[in-house]
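In the UniProt record's numbering, the protein residues as written are 1 to 291. Written out below as structure tokens is the structure these notes cover.
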Amino acid sequence: MSDSAIVTPPESLVRRSLKGLRGAPPTAIVGLVIVTAYILVAALAPWIAPYGEYQVVSDMPFAPWSSENLLGTDQLGRDFLTRIIYGARNSIGIALVTTVLAFAIGGFFGIMAAALRGWADQILSRFVDAVMSIPDLILTLMLLAIFGPAVVNLILIIAVLDSTRIFRISRAAAMNVVTLDFVEAASARGEGLTWRIVHEILPNILPILISEFGMRFCFVFLMIAALSFLGVGLQPPMAEWGSMVRDNAALINMGDITPLIPAGAIALLTVGVNFVADWFLGKSSGLADDE
1 MSDSAIVTPP
11 ESLVRRSLKG
21 LRGAPPTAIV
31 GLVIVTAYIL
41 VAALAPWIAP
51 YGEYQVVSDM
61 PFAPWSSENL
71 LGTDQLGRDF
81 LTRIIYGARN
91 SIGIALVTTV
101 LAFAIGGFFG
111 IMAAALRGWA
121 DQILSRFVDA
131 VMSIPDLILT
141 LMLLAIFGPA
151 VVNLILIIAV
161 LDSTRIFRIS
171 RAAAMNVVTL
181 DFVEAASARG
191 EGLTWRIVHE
201 ILPNILPILI
211 SEFGMRFCFV
221 FLMIAALSFL
231 GVGLQPPMAE
241 WGSMVRDNAA
251 LINMGDITPL
261 IPAGAIALLT
271 VGVNFVADWF
281 LGKSSGLADD
291 E
């Protein structure tokens, strides 16, 4: 009996997962394959990259494709394929941390504003309105110029600015829940605010937040790439796809498509994440076809 108690839950979880995948549309399957491939490349970068991230392997900058350097070298003679692989780890890892932090900040204050209502909701909402009235790119560039483009500063600035969007989404979703009967009943029973948020409000808006996570991750990922392309994002010698496009753009004038590879990697990941996010949003809203 103890064996079945241990084995059955994982088996049932696997069966539920496989059942959900069998009903998934082709776009969701493609998206899952793309996202999984990127995660594996990012996680295994030190083992699958042919050289070190900062290692100079050629005296010749912009060396052509060869058996030693499959995608040639960059402007400093570093292996381009290696830089792309490490760029996946840096770009995806930092974008993921930034998005998680943004959701933690925006989700917490958004749910609190909806639960408290009154003056607390008004103060938080008006502050968010003031921040959102300034274009993100302009405000980000200004703050990076003040505090410097260090990785920690980059993560904190983008996370705080992006949390304003998540605040709006989580507050709107929570507002639809806090007035329902079961939340009012919990309040009448004497349950505290924290208990109502954790047990009543958050579980009912979690699918919306999870589906939104994929979309916000794409925006954060593209923001970091754009800032790096402008020279104020991730700084050298760290590998990052946006800066790789900028540093090797001269090759395009010579008919070399190498600079387009990191740009294509950015676009492909964005498409894959959006496929998965759209599928999950359809499932959570009941619009997906579950057979």
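All C-beta atoms, glycine included, are put in the ideal place defined by N, C-alpha and C.
Discussion item. Using a Cβ-Cβ cutoff of less than 8 Å, which residues in the same chain neighbour I123 once the five nearest sequence positions on both sides are dropped?
Written reply: Answer for I123: no residue qualifies.
Discussion item. Taking the beta carbon of F275 as the centre, do at least 16 other beta carbons fall within 10 Å, making it buried, or is it exposed?
Written reply: Buried is the label assigned to F275, since at least 16 other Cβ atoms lie within 10 Å of its Cβ.
Practice prompt. Let me know the secondary structure DSSP gives T140 once reduced to three states.
Written response: Here T140 sits in helix by DSSP.
Worksheet entry | CB-CB length for A277 against S211, believed under 8 Å | At roughly 6 Å, the Cβ-Cβ gap stays under 8 Å, so A277 and S211 are in contact.
Worksheet entry | Per DSSP, the bridge partner or partners of residue 305 | With the chain running from 1 to 291 in the structure shown, residue 305 is simply not present.
Worksheet item: In the structure shown, what three-state DSSP assignment does T73 receive?
Response: The answer is strand: DSSP assigns T73 an E or B state.
Practice prompt. Helix, strand or coil for G282, going by three-state DSSP, please let me know.
Written response: Three-state result, G282: helix.
Worksheet item: Among L141, V152, V183, which one has its Cα closest to the Cα of G93?
Response: Taking only the C-alpha atoms, the option nearest G93 is V152.
Discussion item. For I48, tell me which candidate among I85, I39, P61, P64 has the shortest Cα-Cα distance.
Written reply: Among I85, I39, P61, P64, the Cα nearest to that of I48 is on I85.
Worksheet item: So L193 and A115 are in contact, right, with Cβ under 8 Å, and what is the actual spacing, rounded?
Response: With 8 Å as the limit, L193 and A115 qualify as a contact, their Cβ atoms being about 6 Å apart.
Worksheet item: Is the stretch 68 to 79 touching the stretch 24 to 43, taking contact as three or more C-beta pairs under 8 Å?
Response: Three or more Cβ pairs closer than 8 Å define a contact, and the stretch 68 to 79 falls short of that threshold against the stretch 24 to 43.
Worksheet entry | Cβ neighbours of V30 in the same chain (closer than 8 Å, five flanking residues each side left out) | Excluding sequence neighbours, V30 sits near G272, F275.
Fill in: Distance between P203 and P9 (C-alpha atoms, nearest Å)
At P9 the pLDDT is 44, less than 50, meaning the model places this residue with poor confidence and gives no usable figure here.
Fill in: Beta-carbon spacing of L260, F62 below 8 Å
The criterion of a C-beta distance shorter than 8 Å is not satisfied by L260 and F62.
Worksheet item: Is the distance from the Cβ of V232 to the Cβ of L144 below 8 Å?
Response: The Cβ atoms of V232 and L144 sit closer than 8 Å to each other.
Item to complete: Taking only the alpha-carbon atoms, compute the straight-line gap between A95 and A150 and give it to the nearest angstrom.
Response: One Cα belongs to A95, the other to A150, and the distance between them is close to 14 Å.
Worksheet entry | Segment limits, alpha helix (DSSP H) that includes D256 | Careful: D256 lies outside any alpha helix (DSSP H) and carries neither H nor E.
Worksheet item: Is it right to say A265 is buried, meaning 16 or more other beta carbons lie within 10 angstroms of its own, or is it exposed?
Response: Burial of A265 is indicated by the presence of at least 16 other C-beta atoms within 10 angstroms of its C-beta.
Worksheet entry | Cβ separation of A45 and R89, assumed to be a contact under 8 Å, to the nearest whole Å | Indeed, because the Cβ distance is near 4 Å, the residues count as touching under 8 Å.
Discussion item. On the criterion of 16 or more Cβ atoms from any shown chain inside 10 Å, does M60 qualify as buried, or is it exposed?
Written reply: Classification for M60: exposed.
Worksheet item: By the 10 Å Cβ neighbour count, where 16 or more other Cβ atoms means buried, how is R126 classified, buried or exposed?
Response: It counts as exposed.
Item to complete: Mark E196 as exposed unless 16 or more other C-beta atoms lie within 10 angstroms of its C-beta, in which case mark it buried.
Response: For the record, residue 196 in the displayed sequence is Arg; it is not Glu. So R196 counts as buried.
Worksheet item: When you compare only the Cα positions, how much space is there between L234 and A28?
Response: Between L234 and A28, the C-alpha separation is close to 31 Å.
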